[in-house]
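Trainee:
In the working numbering, the protein residues as written are 120 to 549.
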């Protein structure tokens, strides 16, 4: 099933044919004012022909195309800013399993296109259809750049929150499960640069995903065991395109993805307490973020689901840190995109400063019970039945930014239509 949404385009291999990809390439080329466009992909083998089609179409549209090869989505976002490019395209379906693939579109500022831009892009793609076959071929170029991951690592190491010596002196042993995805080299290499002993599992670029690629607790059994077997301090699991980070503690127990942001925010906010710093997150992220913000005198601002919504609000309010409860962390000093490298580095810095096992540190944080459910949604739009849904409960507050959220002081329930799958998502926490 083809899905064109705020999160880009996702579909089965058969749906992402040459005409479809080429039309999107021409449409994106028209949207980009400058000439240079960067292209990266995750490790899915069905991304190879998609990339070939994309590169040729962008070249024929007159663009200077830089092929970054296999690299994480946040690496492309970083590189768009670093190279002062017009934009970027990542060939990935994120956590969706094979045979899914897709396209993510990045603007000149390194953040994803917003809803209006995506709607314009989709409309233009439909208008172009196969007309591009009759367009005059312009003299664009295709170049390759192979050091983009190294550049990204260097930029993370230069973050002001990190003390490389302190992390190196801690002597961490970390198990990394990259699910054979785009971060297969980036995260292990970053950790080694920080003095960690790294144990790699599923860190290959030429092998299929060994399990369900979404880094949820139920999918991390191999990582749990590897942490215990290797007597590691913790484990990191990354999704296929490298923008989400999940954590396994020193006890071999998975920590909810919700706490990746909580831990990162704890470090960032602790540097400048009581200065009314801003933390931006989405409506479905744990209340533990509010608790950690309150501890350091910060304010939490919530947005609709979607990285672009968090990123735009962060820029608007000059937030110190942001993210989502899916393991995504955004740090303005790096770039305004979810980044597993940034998240991993911040968490290691926190552990080095706290000088205590992760399992002990987790006991000091607020804990809530959360459920995340998926139900078939078909073509149902929750906005069409909001009035009916409002009758389900009598909360202290409603939030209608994204579906409907029922809010009480110590609990909440959120119902929304997924941006990436034909389902209704139901979240609840208390």
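For each residue, glycine too, the CB sits at the ideal point set by N, CA and C. As the structure is a prediction and not an experimental result, all values here were calculated from the model.
Can the beta-carbon of residue 151 be found closer than 8 Å to that of residue 205?
Mentor: Yes, the pair counts as a contact, with Cβ atoms nearer than the cut-off.
Trainee: Among the residues of its own chain, which have a CB less than 8 Å from the CB of residue 200, if the five just before and after it don't count?
Mentor: Cβ neighbours of residue 200 beyond the five flanking positions: 228, 229, 454.
Trainee: Here's the rule I'm using: 16 or more other beta-carbon atoms within 10 Å means buried, otherwise exposed. How should residue 284 be labelled?
Mentor: It counts as exposed.
Trainee: Below 7 Å CB to CB, which residues in the same chain sit around residue 445 once its five sequence neighbours on both sides are set aside?
Mentor: 363, 376, listed in sequence order.
Trainee: For residue 263, is the classification buried or exposed, using 16 other Cβ atoms within 10 angstroms of its Cβ as the cut-off for buried?
Mentor: So residue 263 counts as exposed.
Trainee: State yes or no: is the C-beta of residue 552 within less than 8 Å of the C-beta of residue 399?
Mentor: With the chain represented from 120 up to 549, any question about residue 552 goes unanswered, as that position is not in the structure.
Trainee: Quick check on the burial criterion: 16 or more other C-beta atoms within 10 angstroms. Buried or exposed for residue 211?
Mentor: Under this definition residue 211 is a buried residue.
Trainee: Rounded to the nearest angstrom, how far is the Cβ of residue 208 from that of residue 173, given a contact under 8 Å?
Mentor: Right, the Cβ-Cβ distance comes to about 6 Å (below 8 Å), so this counts as a contact.
Trainee: When we look at the beta-carbon of residue 242 and count the other beta-carbons within 10 Å, is it buried (16 or more) or exposed?
Mentor: With fewer than 16 other Cβ atoms within 10 Å, it is exposed.
Trainee: In chain order, which continuous runs of the alpha helix (DSSP H) of length 4 or greater are located wholly inside the stretch 125 to 159?
Mentor: List check, alpha helix (DSSP H) in window: 137 to 150.
Trainee: So what's residue 291 in DSSP terms, helix, strand or just coil?
Mentor: Coil.
Trainee: Would you tell me roughly how many angstroms separate the C-alpha atoms of residue 397 and residue 434, rounded to the nearest one?
Mentor: Going by the C-alpha atoms only, they are around 11 Å apart.
Trainee: Identify which residue in 276, 219, 298 has its Cα closest to the Cα of residue 320.
Mentor: Residue 298 is the option with its Cα nearest to residue 320.
Trainee: Can you tell me which of 516, 249, 548 puts its alpha carbon nearest to the alpha carbon of residue 405?
Mentor: Here the closest residue by C-alpha is 548.
Trainee: In angstroms, rounded to a whole number, what distance separates the CA positions of residue 415 and residue 276?
Mentor: So the alpha carbons of these two residues sit roughly 25 Å apart.
Trainee: How far does the alpha helix (DSSP H) with residue 488 in it extend, from its first residue to its last?
Mentor: Premise fails: residue 488 is in no alpha helix (DSSP H) and is neither H nor E.
Trainee: How about residue 332 and residue 300: do their beta carbons lie closer than 8 Å?
Mentor: Yes, the Cβ-Cβ distance between residue 332 and residue 300 is below 8 Å.
Trainee: If you measure from the CB of residue 406, is any heavy atom of the ligand GTP nearer than 7 Å?
Mentor: Ligands are entirely absent from the displayed structure, and the ligand GTP is therefore not among its contents.
Trainee: Mapping DSSP to helix, strand and coil, what is residue 369?
Mentor: Of the three classes helix, strand and coil, the one that applies to residue 369 here is coil, per DSSP.
Trainee: Which residue's Cα is closest to the Cα of residue 238: 344, 352, 127, 290?
Mentor: Considering only alpha carbons, the answer is 127.
Trainee: Would DSSP call residue 363 helix, strand or coil?
Mentor: Looking at residue 363 - three-state DSSP - the assignment turns out to be coil, as it is neither helix nor strand.
Trainee: If we count the other Cβ atoms within 10 Å of its Cβ and call it buried at 16 or more, is residue 379 buried or exposed?
Mentor: Buried, because 16 or more other Cβ atoms sit within 10 Å of the Cβ of residue 379.
Trainee: For residue 144 and residue 192, what's the separation of their Cα atoms in angstroms?
Mentor: Answer to the nearest angstrom: the Cα atoms are 18 Å apart.
Trainee: Distance check for residue 407 and residue 487, CA to CA, integer angstroms please.
Mentor: Spanning the two alpha carbons is a distance of roughly 7 Å.
Trainee: Tell me the rounded alpha-carbon separation between residue 394 and residue 417.
Mentor: Straight-line Cα distance between these residues: approximately 7 Å.
Trainee: One question on the structure: do residue 135 and residue 156 come within less than 8 Å of each other, judged by their Cβ atoms?
Mentor: Not a contact, by the Cβ cut-off of 8 Å.
Trainee: Based on Cα-Cα distance, which residue from 282, 336, 202, 249 lies nearest to residue 490?
Mentor: Nearest option by C-alpha distance: 336.
Trainee: Starting from the Cα of residue 130, find the closest Cα among 176, 203, 214, 325 and give me that residue.
Mentor: Per the Cα distances, 214.
Trainee: Anyone know if the C-beta pair for residue 420 and residue 431 falls short of 8 Å?
Mentor: For residue 420 and residue 431, no; Cβs fall outside 8 Å.
Trainee: Quick one: is residue 422 buried, meaning 16 or more other Cβ sit within 10 Å of its Cβ, or exposed?
Mentor: With 16 or more other Cβ atoms within 10 Å, it is buried.
Trainee: Should the stretch 174 to 194 be regarded as contacting the stretch 453 to 471, the criterion being three or more beta carbon pairs within less than 8 Å?
Mentor: The stretch 174 to 194 vs the stretch 453 to 471: in contact.
Trainee: If you compare alpha carbons, which of 530, 495, 505 is closest to residue 544?
Mentor: Looking at the Cα atoms, 495 is the closest of the given residues.
Trainee: If you follow the beta strand (DSSP E) that residue 397 is part of, which residue opens it and which one closes it?
Mentor: 397 to 401 is the span of the beta strand (DSSP E), which, as asked, contains residue 397.
Trainee: Which runs of the beta strand (DSSP E) fall wholly inside the stretch 212 to 281 and span at least 3 residues, in chain order?
Mentor: Listed in chain order, the complete beta strand (DSSP E) runs (minimum 3 residues) inside the stretch 212 to 281 are 219 to 225, 260 to 263.
Trainee: Need the endpoints of the beta strand (DSSP E) that residue 354 sits in, please.
Mentor: 353 to 357 is the span of the beta strand (DSSP E), which, as asked, contains residue 354.
Trainee: Please determine, among 359, 540, 507, the residue with the shortest C-alpha to C-alpha distance to residue 101.
Mentor: For the chain, the structure presents residues 120 to 549; residue 101 sits outside this window and is missing.
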